[in-house]
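Asker: Okay, handing you the structure first.
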Amino acid sequence: MEVLITCQIAISIPDEVLFDTKMSREEANRFASCAVAVGYYTQSGVSIGYCAQIAGMTEEEFVKYLGQNHISIFKYDAKEEFLEELNNA
14 MEVLITCQIA ISIPDEVLFD TKMSREEANR FASCAVAVGY YTQSGVSIGY
64 CAQIAGMTEE EFVKYLGQNH ISIFKYDAKE EFLEELNNA
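Have a look at this one:
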């Protein structure tokens, strides 16, 4: 198994936001980690594996999380491109 060097990034969230959302600090940390992972996946094309690590999930859990948030793991620009790929399978 590959050992990755990681960095830690902190963000400041006002206590009022935690109060309004009824999130604990741990829940807010997990929420932020998931948001960053989804952002990297959708905006930068970072792999599901790395994004799952960022989110603190397995790859399977991350794929399910994406689905629950209506984010497709399929990267097609047009319906025709998807159908062509499907026909070639």
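Its first residue numbered 14, the sequence shown is counted upward by one per residue in the working numbering. Backbone N, C-alpha and C fix where the C-beta goes; we use that ideal spot for every residue, glycine too.
1) Note the first and the last residue of the continuous alpha helix (DSSP H) segment covering Leu31.
2) Output the boundary residues of the alpha helix (DSSP H) element that contains Asn82.
3) Nearest-angstrom Cα distance between Leu96 and Glu74?
4) Where does Ile86 land, buried or exposed, given buried means 16+ other C-beta within 10 angstroms?
5) Could you check the C-alpha separation between Val49 and Glu29 for me, to the nearest Å?
6) If we ignore side chains and look at the alpha-carbon of each, how far apart do Lys88 and Thr34 end up?
7) Taking Ser46 as part of the alpha helix (DSSP H), name the residues at either end of that continuous run.
8) So, helix, strand or coil for Lys77, using DSSP?
Answerer: From the atom records:
1) 28-34
2) Counting along the chain, Asn82 falls outside any alpha helix (DSSP H), and DSSP gives it neither H nor E.
3) 27 Å
4) Classification of Ile86: exposed, given that the 10 Å Cβ count is below 16.
5) 21 Å
6) 33 Å
7) 38-57
8) helix
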